[in-house]
Structures are given as structure tokens and as C-alpha cells.
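Residue numbers (the working numbering): 4 to 656. All remarks here apply to the structure that follows.
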Amino acid sequence: MANPKMSPFSGNDSSIIELFNLLKVVPQKNGKPEKWLKKLRREVVEKPVIFIGTGTCGLGAGAGKTLNRIYEYLKEKQIEADVVEVGCIGLCVDEPIVEVQFPGKTRVAFRKVTVENLDSILDSIFSNTIPPDNVIGQHRAECLESWENVVFIDEHPFFAPQTRWVLANCGVIDPVNIDEYIAHGGFRALSKVVSSYTREEVCNILVESGLRGRGGGGFLTGMKWKFALNTEADQKYFICNADEGDPGAFMDRAVIEGDPFRLVEGLAIAAYAIGANKAYVYIRAEYPLAIKRLKAAIKKSTEYGLLGKNILDSGFDLQIIIKMGAGAFVCGEETALIHSIEGKRGMPRPRPPFPTDSGLFNKPTVINNVETLANVPNIVYNGSEWFRSIGTEKSKGTKVFALSGKISRTGLVEVAMGTTLRAIIENIGGGIPNGKKYKAVQIGGPSGGCIPQQHLDIEIDYESLQMVGAIMGSGGLVVMDEDTCMVDVAKFFMDFIQRESCGKCIPCREGTRRMLEIMKRITRGRRNESGTEALERFKGIMYLNRLAEVIKDTSLCGLGKTAPNPVLSTLRWFREEYETHIFERKCPAGVCTELLTYEIDAEKCIGCTLCAKNCPSDAIMGKLKTPHYIIPDKCIGCGQCFEVCRFNAVTKK
């Protein structure tokens, strides 16, 4: 059996066999159904199977070339084996990841498998030897023989602290094989719902579970469904928001690429619960692989009678339509997203009325994100108490995070609510590399905030994060070390928000532009000022807090109301860093180029003249083979001398 922390699958084969018998398209079964299911779950394989992660992260690391070499290797060695493309297992830092399973043996995962080392790894494994340098671990399976002296993958430091419910199938099953998904317990929840539950009962299960929206504000999912269910209308819609516009966020993309049928099933249950017969998946066009696999999943589900007309002879109809967005950040806001689907410009509108009363085409509409819907099948099948068994008092279940930035192990992680930020960064992520010190983590994207060292032990839940000026958001975690300038980080996010503002309301459109101008002035050096600009700089800084509060109070939509958060958060926790920029005109992290000054160490300089030749302002003086020096008044701070010096004689401060 699998580790329950890694998968909620109960292993009830009778319910799966019963579901297969109900389907309009029944796959060819050889022998007893139980044996056939074991083959689908890879508990029994008749020949070697090679799995390779071909999600976007894997392909970016070279998995496509590795895949081609696998086929060449098998042909050259005349080895008969199956090759299966899977999604991302989560450990993105070690991509490309290749796994091998032999008949009767457990499946073993290998890290950083490239064209250069693939042959030696496969030579070893086909010689019944595990190469220690590349092994990640073996999957746990009681019915299969384990490899000696190979750690189980659920004991790996990256996976051990996780509770993988939403990500249970990612990197494990073939994402476009519906039979494998069903064999792992898929679509049992949908079958149970349409045959045994009323719409109100499904909503009640979600309310009792305590599942909150995983895309932003954390509103109770079941309550939102109930609002739409109780609104009378001849037509209702359900929308899955897969737009995912936050920098550093890739959770939804990975879930769709690795387990698209889970989203299809969750969306079908949700549509049934509110009485909708048409659903949309709003996904950014920059996710071509996710779109491809989702289209395949929708098509196969329709062929099997799990979508379309009269699903499982229940009288329930559902059509799922994919709508590709152009990547506008504002379309992550519910009403702007609705306008985009309707073919209009993606701009928010005032609320009320809320989408559950008047949404898409003025009909009752519910919008949930990918992770929220991916939780639904497990909750419905296993019950609300099962989901409530982990988490905090007000935040139940698990949360998926995209871990990136200055961290040793980047990737996709899923932890129980209430897990501390320190546990994620130090235990799962392996801490800060290169002996650097932790400085902050940006959580919640541009609408979120930065959490400093003193709050590293905070528990991850909706209320705790709000207390330190951050929000859960969709789940991006960008880790920053001591070399990061927090003023520069705030300026980056303000630039992003200002460019992505839809421009409909003045506070967001003009206010964020003024805030960005102030941030640019804070990071500007004296050499680039003239006239009264120094006075204007201080005047802007004095109004920064007041301006931020006005934007929060008067903006039209949630994105505008949270737009000042990056500045307010960094100003709250890193005020000294701001003061150093403002009063001393220095950047402690050495990031803000206009505040840097350059000097030449006479003891190290050999007078090669390379710096002088590359200086665009002729600010470097000195004769050949004698130490050079920089004239401060002429230096424009471009850093060209620092870049070209071969003897580390130029220093920046």
C-alpha cells in the first residue's frame, strides 16, 4: 500500500470495477479484473517500464532530449520496454527525472538524467545495480520486492514532510491515460455523486469539510456553491480559473499537466452541485502543454460517458469548454475573467451583484481555481471528516506551494495547513544555498507580502498570514537571501502591478504609477538628480504611506486594493533598509545600481588599462602599468569597470 501521506487512495477495487462496468466505453480486459487493475497501477508489469517527467519544468531542463535518447538506447540494445511520459513529480531542481521499474521490483527514480549520463545509468540498472550518485529513491509497494540499500522516496527530505493529496498522481500516472486514473480511484466520487447525492447534499459536504478557496481570499467553497444553487435561473455556469498570473507561481500548470482528469472530475462534481450544465476552464495560452493534456482528458472523458449528455445514466449533462486567455494579470479577478470569456476587454466591475447572482452572460456563476477543484473528488468520496482531520481550526486540508528563488530544492510541495514556514524552507527546501542567510519570502504574489526572519516559525493558514501583512494567494513562495534588496523587490512588484493595471479606476491606474515613481526616486543616486528633484524625492517619500492607504480604500477590485501590499509589507519589516536608501543613498545589498560607487584597489591594480578603455565617461585615469583611479564626479555608475577587471581590483560599495 502507498504511504497515506502521499495518497488518499483507499484501494477499494470493487468500486472501481463497478465503475468500469458502467462506462459507455469499456477497455479490453484480459483475465480477472483484479489482475487487470494491478497492471494499470503498475503493481504488475510484464516488461521493464521507463517513466520520464515531461512536464514544462522537465522539458525546460532537457527531458525532450533525454526521451529521444531513451528510445535510441532501447533500439541499440534491443531491449523491449515501455516508455511512459508523466507529469512533474515536484522535485523540479532535479529534472530531468527518469524512473525505472522491472517486473516484480519497485519503481526507482533518478535525478538529473541527461543525454550525457543516461547510458551509464541505464547500463547499471539493467545490470541490476543502482547508481548511487543519481538515485532519488524507490516507490513504496508491499506487493513488490524492494531494492536493497535504496531509500524510499517518501523518506526523501523533500517528500517526507509533505502530505500529497492533490499531487498524489502527479509524476506517477500517465496523465492522458483515463484507465490509469480510474484504476487509482478516479471518477468514483463523480459516480457516487450523480447516483446517490442531491445537489444540496454535495454543497453541504463541502461546507462541512471547511475547504476554502485556494486562489486568493480563502472564502468557504461550499458556501459559494450554495449561493449559486439557491439562485433561481434557467442557466448556470461554473468556471475554473487556471489563469495563474502571479510571478513565481506554477501550481495549477503542474496539476493540469500531471493529473488533468482530477480537474475534470472536480469540475464535473462542482457543476452538478450548483445545477450548471456548462463549464469553462479559463487558462492562459502560455500553457500549451497543460492545454494539450486537458483537451485530451476532456475528449476521453466524453468518450467514456463521464462528460456530455446523460452522464452515467443520471440525467446530468455537462459540457466543458476551454477558453484561452492572453496572459493579463487582471483577468485573475473574477469579474474581469468573466468579461474576457464573454469576448469583452478584461476589466473588473463593481460588486454587488456578485457572480453567484449575476455572472457569466448575467447568469449565476461560480469561479474556483484549479487546486480548489482538485480537492473536491477526495472530499466527496472520503467524507468531510477525512478532510478536516488535518489543518488548523479555520484552515483545513493541505496547500500546494510553488517553491522557488534562493532555495536549495525548488519545486512543487504540498503540506498540511498549519505547517510552519520554517519547515517548508529549511526541511523541504533544504535551506538557503551557498551559506547565505535567509532574508524574506514573498508569498501570495504581487498582492501578498514579504515575511522576515522573525516570523519564520509562523504557521501557514489564512488568518496567521494576514496578521503579518501577507496573504495565502494562489501559493507562490519566492525565497530571498541576504543579497536581495527589499526596496528593489518592492519596486519590481510595483512595476509589475502598474503595467498590469487594467486602467479602469483612477486610484489603481494613477496611484500605482505615482508609487512606482517614488520607488524609482528612492533608488536614484545624486549623480542623476538636478534642480528641485531632491526635494521632490523627499516629498514623495513623505506621502508614500498615505498614497498606499488611499489606493487600498478606493480601488475598484481586489487586485487594486492589494496593489500597495509589496511596498507596505517591505516598509513594515525592512524599514532600516529603506532609511539607508533614502538618507544615506546606499543599497546595503549592492543591488540598486544607481546607488553604487566604485573604487580601484591600488595594490591589486596592475595598470592594464582595460577599465579605462571601457569606461564610457572617461572617469578612470592612470598610466600603463601603474595603478589607476576613478574620478567620482565623472563616474556614472555603469559598473563596466567592475565587469571587465580580471584582477578583482575594482570594488563596488
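C-beta: ideal position from N, C-alpha, C; glycine also. Computed from a predicted model, the values in this text were never measured in an experiment.
Those residues which DSSP pairs with residue i across a bridge
i: Q238; result: Its beta-bridge partners do not exist; DSSP assigns none.
i: A192; result: A192 pairs with nothing; no bridge assigned.
i: Y632; result: M624
i: F113; result: V101 and V138
i: V52; result: D85 and Q104
i: T654; result: E602
i: G476; result: Partner(s): none; G476 has no beta bridge.
i: S407; result: V481
i: G311; result: L321
i: N152; result: Its beta-bridge partners do not exist; DSSP assigns none.
i: A245; result: I286
i: N371; result: C243
i: R215; result: L223
i: E462; result: T423
Where residue i sits in the DSSP three-state scheme
i: Q501; result: helix
i: Y285; result: strand
i: G447; result: coil
i: A66; result: helix
i: A419; result: strand
i: V28; result: coil
i: M4; result: With a pLDDT of 36 at M4, under the threshold of 50, the predicted position of this residue should be treated as unreliable, though the coordinate-derived value follows. If DSSP states are grouped into helix, strand and coil, M4 belongs with coil.
i: G58; result: coil
i: A566; result: coil
i: F162; result: coil
i: C644; result: helix
i: L22; result: helix
i: R296; result: helix
i: T132; result: coil
i: N385; result: helix
i: G433; result: coil
i: P455; result: strand
i: M327; result: strand
i: G221; result: coil
i: Y200; result: coil
i: T401; result: strand
i: G414; result: strand
i: Y546; result: coil
i: K507; result: coil
Exposure label - residue i; buried when at least 16 CB within 10 Å
i: E235; result: exposed
i: M475; result: buried
i: V28; result: exposed
i: C206; result: buried
i: S194; result: buried
i: F113; result: buried
i: G346; result: exposed
i: Y240; result: buried
i: P351; result: buried
i: P135; result: exposed
i: F23; result: buried
i: F541; result: exposed
i: N313; result: exposed
Cβ shell of residue i (< 7 Å), same chain only, five flanking positions each side left out
i: A257; result: G58, G90, C91, C173 and L415
i: S387; result: I208, E211 and S212
i: G563; result: C508, P510, C511 and I554
i: C641; result: P619
i: D636; result: none
i: D249; result: G448, P449, G476, S477 and G479
Own chain partners of residue i with C-beta closer than 6 Å, once the 5 adjacent residues on each side are dropped
i: A652; result: I603, D604, K607 and C608
i: Y290; result: R256
i: D85; result: V52
i: Q445; result: C453 and V481
Contacting residues, own chain, Cβ-Cβ under 8 Å from residue i (five flanking each side not counted)
i: A426; result: P164 and V418
i: E520; result: G543
i: V179; result: P263, R296, A299, A300 and K303
i: I324; result: K281, A282, Y283 and V284
i: V490; result: M522, I525, T526, T573, F577, E580, Y581, H584, C590 and C595
Practice problem: Please confirm if the segment 182-191 is in contact with the segment 364-376, defined as three or more CB-CB distances below 8 Å between the two stretches. | Solution: no
Practice problem: Pair every Cβ in the segment 63-73 with every Cβ in the segment 96-110, then say whether three or more of these pairs are closer than 8 Å. | Solution: yes
Quiz prompt | Contact between the segment 160-169 and the segment 110-130 (3+ Cβ pairs under 8 Å) | solution = no
Self-check item: Stretch pair the segment 501-513 + the segment 252-267: three plus CB contacts closer than 8 Å
Solution: The segment 501-513 makes no contact with the segment 252-267; the number of CB pairs closer than 8 Å stays below 3.
Practice problem: May I ask you to verify whether the segment 213-220 touches the segment 388-406, counting CB pairs closer than 8 Å and requiring at least 3? | Solution: yes
Practice problem: Give a yes or no on contact between the segment 356-363 and the segment 221-238, applying the rule of three or more CB pairs nearer than 8 Å. | Solution: yes
Quiz item: Per the contact definition of three or more C-beta pairs closer than 8 Å, is the segment 622-632 in contact with the segment 572-583?
Solution: As far as the Cβ criterion goes, the segment 572-583 does not touch the segment 622-632, which means the pair count is below three.
Self-check item: At least three beta-carbon pairs within less than 8 Å, the segment 311-330 to the segment 549-559
Solution: No: the two stretches stay apart, fewer than three of their Cβ pairs being nearer than 8 Å.
Exercise. Taking 8 Å as the threshold, find out whether the segment 564-577 comes into contact with the segment 610-619 through three or more Cβ pairs.
Key: Because the criterion of three Cβ pairs below 8 Å is not met, the segment 564-577 and the segment 610-619 do not touch.
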